[in-house]
Each structure stands twice: as structure tokens, then as C-alpha cells.
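Asks: Chains as they are written, first to last, in our numbering: chain W, 41 to 300; chain P, 641 to 895.
Note that the Cβ used here is the ideal one computed from N, Cα and C, for glycine as well.
Model, not experiment: these values are computed from the prediction.
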Amino acid sequence: MKRLPLWSFPVATGALLLALWYGVKRALHIESFMLPAPHEVFAAAWQERRTLLASALLTGRGALLGFFSAVAVGFLISMIMAFSIVLKRSFYPFILILQMTPVIILAPIIILWLGPNTPSIVAITFMICFFPIVANTTMGLISTDRHLLELFVMCKATRLQEIRHLRVPAAMPYFLTGMKIAATLAPIGAIYGDYLAGSSQNGIGGIGFMTILYSSQLKTPALFATGLIACLLGFFFVVGVSFLNWLLLHKWHDSMVGKE
Amino acid sequence: MNSPPIVRLSGLGKRFGDGPFVLEGIDLEAVRNDFVSFIGPSGCGKSTLLRLIAGLTPHSAGEIAVDGRDPDSAREGVFLVFQEANLLPWRRVAANVELPLMLRGDSPAGRHRRVAEMLELVGLSGAEGKYPWQLSGGMKMRVSIARALSVAPRILLLDEPFGALDEMTRHRLNEDLLDIRGRDPFTAFFVTHSVAEAVFLSTRVVVLSTNPGRIADVIDVSFPYPRRAELRETPEFLQLLARTTHSLRSVLPAG
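1) Is the CB of Arg715 of chain P under 8 angstroms away from at least one CB in chain W?
2) Could you check the C-alpha separation between Val281 of chain W and Leu287 of chain W for me, to the nearest Å?
3) Quick check on Met641 of chain P: does DSSP put it in helix, strand or coil?
4) Excluding sequence positions up to five away, which residues of its chain have a Cβ less than 6 angstroms from the Cβ of Phe123 of chain W?
5) Is the region 869-878 of chain P in contact with the region 700-711 of chain P, if contact means three or more CB pairs nearer than 8 angstroms?
6) Where does Pro793 of chain P land, buried or exposed, given buried means 16+ other C-beta within 10 angstroms?
7) List the residues of chain W whose Cβ lies closer than 8 angstroms to the Cβ of Asp724 of chain P, in chain order.
8) Quick one: does Ala211 of chain W have its CB under 8 angstroms from some CB of chain P?
9) Identify which residue in P:Leu797, P:Leu805, P:Glu807 and P:Pro875 has its Cα closest to the Cα of Ser842 of chain P.
10) Keeping to the same chain, check which residues put their C-beta closer than 7 angstroms to that of Val835 of chain P; ignore five residues upstream and five downstream.
11) Please give the ranges of any beta strand (DSSP E) in the region 814-887 of chain P, keeping only runs that are unbroken, at least 3 residues long and fully inside the region.
12) With a threshold of 8 angstroms between beta-carbons, can Arg744 of chain P be considered close to chain W, or not?
13) Is any beta-carbon of chain P found at less than 8 angstroms from that of Met194 of chain W?
14) Less than 8 angstroms between C-beta atoms, sequence neighbours within five positions excluded: which residues of the same chain meet that for Phe877 of chain P?
15) Reducing DSSP to helix, strand and coil, say where Leu649 of chain P ends up.
16) With which residues is Val113 of chain W paired in a DSSP beta bridge?
17) Taking the beta strand (DSSP E) that Gly665 of chain P falls in, what are its first and last residues?
18) Would you grab the beta carbon distance between Phe675 of chain P and Phe802 of chain P for me? Rounded to a whole angstrom, and I think it's under 8 angstroms.
19) Let me check understanding here. Comparing Cα to Cα, which of P:Val791, P:Lys654 and P:Ile785 lies closest to Asn898 of chain P?
20) Compute the minimum distance between the beta carbon of Asp819 of chain P and the heavy atoms of the ligand PLP, and state whether it is under 7 angstroms.
21) At 9 angstroms on the CB atoms, spell out the chain W contacts of Ala694 of chain P, in chain order.
22) Following the continuous alpha helix (DSSP H) through Gly702 of chain P, name the residue where it begins and the one where it ends.
23) According to DSSP, is Val297 of chain W helix, strand or coil?
24) Taking the alpha helix (DSSP H) that Phe131 of chain W falls in, what are its first and last residues?
25) Tell me whether Ile244 of chain W sits in a helix, a strand or coil according to DSSP, three-state version.
26) Closer than 9 angstroms between beta carbons: that is the criterion. Which residues of the region 775-788 of chain P meet it against chain W?
27) Taking only beta-carbon atoms, is Leu689 of chain P less than 8 angstroms away from chain W?
28) Rounded to whole angstroms, what's the CA-CA distance from Glu759 of chain P to Glu768 of chain P? Just pull it up for me.
29) Is the CB of Val297 of chain W under 8 angstroms away from at least one CB in chain P?
30) Leaving out the 5 sequence neighbours to the left and right, which residues in its chain are closer than 6 angstroms to Ala84 of chain W when beta-carbon positions are compared?
31) Does DSSP put Arg655 of chain P in a helix, in a strand, or in coil?
32) Would you mind giving the Cβ-Cβ distance between Ile231 of chain W and Thr141 of chain W, rounded to the nearest angstrom? I have them listed as a contact below 8 angstroms.
33) Checking the sheet assignment: what are the DSSP bridge partners for Asp799 of chain P?
34) Using only the alpha-carbon positions, how far apart do Pro893 of chain P and Pro681 of chain P sit?
35) At a cut of 8 angstroms, does the region 165-174 of chain W reach the region 219-227 of chain W through at least three beta carbon pairs?
36) Which residues in the same chain as Tyr214 of chain W place their Cβ atom closer than 7 angstroms to its Cβ, once the five residues preceding and following it in sequence are excluded?
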């Protein structure tokens with residue numbers, strides 16, 4: 041028997057799920073405002089394409105800003121904590137406390153302080169992305185191989201050289217793992233922020249705002265289409281970070297090499 | 641031999657924290673271009689002895705002088721070849737060899753020249769652009785040795801560098817190490833589990849006993865350099881091998 045190509049399996053599963061969707065809708069006589077058929081969702085996506093694209097861009101911008109500020113600040117704080125036991129002891133518990141407080145509760149406070157729209161959306165995204173980056177990067181910076189550190193001692197390396205040429209490159213895989221987790225969270229954070237703090241300009245808001253709008257108008261197919269767009273936005277982030285991961289690691293890291 | 645000792649250990653002792661002494665009463669002098677091997681049962685403190693000379697760990701008793709100074713300030717000109725090749729996986733071969741030169745601030749042009757020289761010396765010309773994962777165990781060790789030699793150390797400390805390699809590769813690297821040393825002399829301290837390796841390489845083999853590590857025996861090896869592979873088959877070599885093995889057996893703990 042000839043072997044099927046790998047891509048055929050997810051495609052077959054997808055087709056099966058679509059068939060199931062149609063089947064359930066027809067068998068149980070479900071109205072379209074409760075469960076639209078797949079083609080109705082795509083039609084709504086096409087019909088609302090300008091609105092959806094604009095809102096995806098708006099939310100995407102907030103997610104990107106929040107994500108990158110979390111990456112930058114997270115990296116900086118990890119560096120500080122990795123190189124000063126005193127600062128780590130002082131701050132880590134409070135970073136944990138902040139992380140333990142659900143963003144759902146923090147969000148209204150943030151909006152109270154920063155007002156509606158972009159600043160709050162960015163801040164909420166930041167809050168949700170920050171911790172995985174700090175936790176992973178700090179771990180990476182303090183887990184440098186002991187023998188490699190001794191090599192640098194033998195070379196009479198300065199502290200700065202040790203950080204630049206040893207600790208930071210060795211922490212890269214950890215840092216990227218933190219970024220991967222943050223990348224899946226960033227769109228969620230931005231959409232949630234927009235859901236609470238977003239508003240419309242000429243009837244177009246972010247994805248979170250459009251969700252509220254469509255559901256209040258019972259435009260269920262458009263609501264599903266919004267989910268589709270949000271899903272694409274998430275993919276965009278994950279693919280972006282995966283590419284960065286590949287770019288930085290594919291030549292040397294164990295997770296990448298020797299698979300060709 | 642009447643040149644002043646390059647390394648002098650007197651009554652040297654080492655303990656970790658409040659623990660028992662792992663090394664005690666070590667008296668040893670090495671002159672320039674000596675090749676001293678340390679051999680002994682596991683846990684006799686061989687590696688610790690190297691780390692003391694490298695200044696990677698402080699001693700607890702006695703005295704240690706490298707070039708008449710304490711090891712921490714004498715580190716210039718001393719380099720350690722680690723048990724594992726210990727290469728930076730994200731750096732290519734050339735960049736790994738270059739690392740000590742870069743860290744001490746040599747000019748890029750000088751670094752480049754030196755790296756090419758070193759790679760030729762260890763027989764790895766052409767492997768500059770490879771990453772460590774693309775190399776065999778023996779090749780990695782060659783890179784590690786090239787890296788250590790790049791700074792032209794006066795004292796080279798080798799901590800069981802060939803322990804993980806198969807016997808044929810080990811023999812080849814032993815011969816090459818002596819060859820390199822013939823061209824670019826250095827004083828060597830070499831830790832190993834292999835009696836044959838110790839006898840083949842050294843001017844002196846130091847047998848250590850365990851609990852605590854003390855010098856049990858010192859065997860002079862007077863074969864002239866250059867030593868060739870055939871030396872291993874001569875009766876004199878085999879005799880010294882037997883004598884060293886016997887000495888080592890007498891310090892092995894029962895069981």
C-alpha cells in the first residue's frame with residue numbers, strides 16, 4: 041500500500057469535522073443565529089472583510105506593542121535578577137504575587153488608571169506576557185554550565201564578557217521558550233483588553249469590541265468569523281516567534297540539529 | 641635539572657567546607673617542560689589537584705606556588721583542558737578556538753592567524769566552519785586542545801581529556817599531543833585513569849592514594865622525546881608499565 045503524504049491527515053480530519061458540523065446542524069434543525077453553517081461563516085467573513093481586517097490590525101497592533109514591551113522589559117528584569125541575588129530576593133516574590141492575581145481583576149484597575157483604548161490594551165497584554173518571559177529567561181541565565189563558567193575564569197574573562205559571550209547565548213533557548221508562551225498569550229491579552237477597554241471609531245473597533253457588537257446584534261456568522269480572524273492573529277504570532285526561534289537556534293541547538 | 645621549579649606544592653591540603661581532607665601533605669615540584677601525570681583510584685583528588693593549580697578552588701593547607709605566585713594571580717599562561725571538550729555549542733570551531741584570544745583582547749587579524757595555526761597543529765584545518773555537534777568526540781577534544789594552546793600557555797593542565805574516547809583515538813591523540821609539545825613546549829599536568837597513557841606521555845607519574853589523597857609513589861619515566869608509537873611495544877616500556885600498575889594496585893582500596 042502506498043503511504044499517504046503527511047499533510048493528508050490534518051486535511052482529512054478537517055473535512056470530517058466540517059461534515060460533522062453540517063450534519064449536526066441539519067439533524068437537529070439548528071437555526072443560523074445559534075449555529076451558522078461553515079459556508080455562512082466564510083460568507084460573513086467576506087462580507088465583513090473590511091471591518092474584520094481593520095479590527096484585526098487594531099488588535100494586532102495592541103498585541104504587538106504589549107508583546108514587545110513585555111519581551112524588552114522582561115529580558116531586562118531577568119538580567120538584573122540573574123546577576124543580583126539581593127534584587128532577585130527582593131523582587132521575585134512580588135512578581136509572583138502580580139502573576140497570581142488574575143488579569144481579569146487587574147484589567148479594570150488598569151483601565152481606571154490608563155483610560156480606554158490602546159494604552160490599557162497594551163498594558164493588559166504586557167501583564168499577561170511578562171511573567172513567562174521573566175521566569176524562563178531568569179532560569180536560563182542562572183543555569184549556565186559550571187564547566188563553561190570555569191573556562192571563562194581560566195580565560196580571565198570580565199563579568200561583562202561572561203554575560204555577553206556565555207550567559208546570554210546559553211540562555212537563548214530559555215528566552216525563546218518564554219517568548220513562545222507569551223506569543224500565544226499576547227493576542228488573547230489584547231482581545232481581552234479590547235473587550236473591556238475598546239471603543240469604536242466609525243463603527244470599527246478591535247476584535248474584542250467587534251465581538252460585543254456582533255453578539256448584541258445577533259450576527260452570529262460574523263461572530264464566528266471574528267473567531268476565525270482572532271485565530272489567524274494567534275497563528276501570526278506563533279509563526280513569528282517560531283521563525284525567530286529557528287533563526288537563532290537551527291545551526292547549533294540540540295532541539296534543531298541533526299534532523300535534516 | 642637545576643632550573644627553578646615552575647610549580648611548587650608543599651604540604652598542600654584541600655577540604656571542602658568542614659569535610660574531611662580530600663588531599664593532604666602533597667609535596668611536589670615541577671620544573672619547566674616537565675610532564676607530570678597523576679594517577680590513582682577514583683576520589684583520590686586528582687582533578688581537585690589540577691583545579692588547585694589552576695586557581696579554580698582555594699587550598700586549605702600548605703602552600704602552592706605557580707611561578708612563585710599564588711595560582712589565582714598566576715593564571716596568565718596557565719590553561720585547563722577539561723574532561724569534556726567543553727565547547728560553546730553556538731560557536732563554530734574557529735570561533736571556539738578564538739575565544740580565549742578574543743576575551744583577552746587580541747586584534748582580529750592576529751586571532752585569525754593564530755586560529756589557523758592552531759587548527760593545523762591539531763590536524764583540523766578545514767573544519768573551521770563546523771559546529772561542535774558536527775564533530776566526533778576525538779575531533780571535539782582536538783578543538784579543545786587547540787583552544788587551550790592558542791594562548792601559548794606555559795603550563796597546560798589536562799583533566800582526563802581522553803577518558804571518553806576509544807583506545808585507538810586515545811593513542812593517536814597521545815602521540816599528537818607529544819608531537820605538538822615537541823614543537824611548542826609547555827609544562828603539563830595530566831590526570832588520567834590509564835597507566836599506559838600516563839607512562840607514554842610523562843616525565844614523571846605520580847601515584848595518589850585515596851582517603852585522603854596523598855602521594856604514594858613517584859615513578860620517573862626517562863624515555864627521551866620524541867616518543868613514537870613503537871615505544872609502547874618495547875620491553876622497557878612494558879616493564880615500567882608493570883611497575884606502575886603494581887604501584888597503583890597497592891593503593892587501590894580493597895574490594
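Replies: For this structure:
1) yes
2) 10 angstroms
3) Caution applies to Met641 of chain P, whose pLDDT of 47 falls short of 50 and renders its modelled position unreliable; the model cannot decide the point.
4) none
5) no
6) buried
7) The sequence shown places Glu at residue 724 of chain P, not Asp. Neighbours of Glu724 of chain P on chain W, chain order: His187.
8) no
9) P:Leu797
10) Ile679, Leu881, Thr884, Thr885 and Leu888
11) 827-831, 844-849 and 854-860
12) yes
13) yes
14) Val839, Phe840, Phe863 and Leu871
15) strand
16) According to DSSP, Val113 of chain W bridges with nothing at all.
17) Phe661 to Val671
18) Rounded, the Cβ-Cβ distance is 15 angstroms, inconsistent with contact.
19) Lying before the first or after the last residue shown, residue 898 of chain P is absent from chain P, which here runs from 641 to 895.
20) Summarising the ligand content, the structure contains no ligands, and the ligand PLP is consequently not present.
21) Glu190, Val193 and Met194
22) It is not in any alpha helix (DSSP H) - Gly702 of chain P instead sits in the beta strand (DSSP E) that spans Ala701 to Val706.
23) coil
24) Ile125 to Met140
25) strand
26) Arg787 and Ala788
27) no
28) One point to set straight first is that residue 759 of chain P is Leu, not Glu, in the sequence displayed. Rounded to whole angstroms, Leu759 of chain P to Glu768 of chain P spans 8 angstroms at the Cα level.
29) yes
30) Pro261, Ala262 and Ala265
31) strand
32) No, Ile231 of chain W and Thr141 of chain W are not in contact; Cβ-Cβ is about 20 angstroms, not under 8 angstroms.
33) P:Val831
34) 8 angstroms
35) yes
36) Asn176, Thr177, Met179 and Gly180
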